[in-house]
Amino acid sequence: MNKNHNDSQPTECEEQFYLSLQEITYSFSVSQTTILDIIDEGIISANKNEQDEWQFDNEAFRRIRMVLQLTRDLGVNLAGAGLAIELLNEIERLQRLIDHK
10 MNKNHNDSQP
20 TECEEQFYLS
30 LQEITYSFSV
40 SQTTILDIID
50 EGIISANKNE
60 QDEWQFDNEA
70 FRRIRMVLQL
80 TRDLGVNLAG
90 AGLAIELLNE
100 IERLQRLIDH
110 K
């Protein structure tokens, strides 16, 4: 998977935020293992802070939501969900190129 997940930077009206692993697992009602598997698959990138705690930005939050929807609703595995997200991002990028011409 592509490790550069900054394709959709926050716009002027969006604020960058960071959530902990505990906040992410609570928000999505999933285990830490599920989130760590998503990181291991390369679908999201997350950093650790000075206290060695995982931190997830709004792009990671968005991607986790999409992965969980694909796996829960369609039964797609993590690799398939990651590929689907990459393809959707590429479609969005190409659409922006078309719109700006």
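One gets my numbering by counting positions in the sequence shown from 1 and adding 9 to each. Glycine included, each C-beta is placed from N, C-alpha and C at the ideal position. In this text, all values refer to a predicted model and were calculated from it rather than measured experimentally.
- Runs of the beta strand (DSSP E) lying entirely within the segment 51 to 108, each at least 3 residues long, are 63 to 66 in chain order.
- When DSSP states are grouped into helix, strand and coil, serine 29 belongs to the strand group.
- Put simply, the segment 56 to 69 touches the segment 22 to 39. At least three CB pairs are less than 8 Å apart.
- The C-beta distance from isoleucine 33 to isoleucine 73 rounds to 7 Å, short enough to meet the 8 Å contact threshold.
- Per DSSP, reduced to three states, the secondary structure at serine 40 is coil, with no helix or strand assignment.
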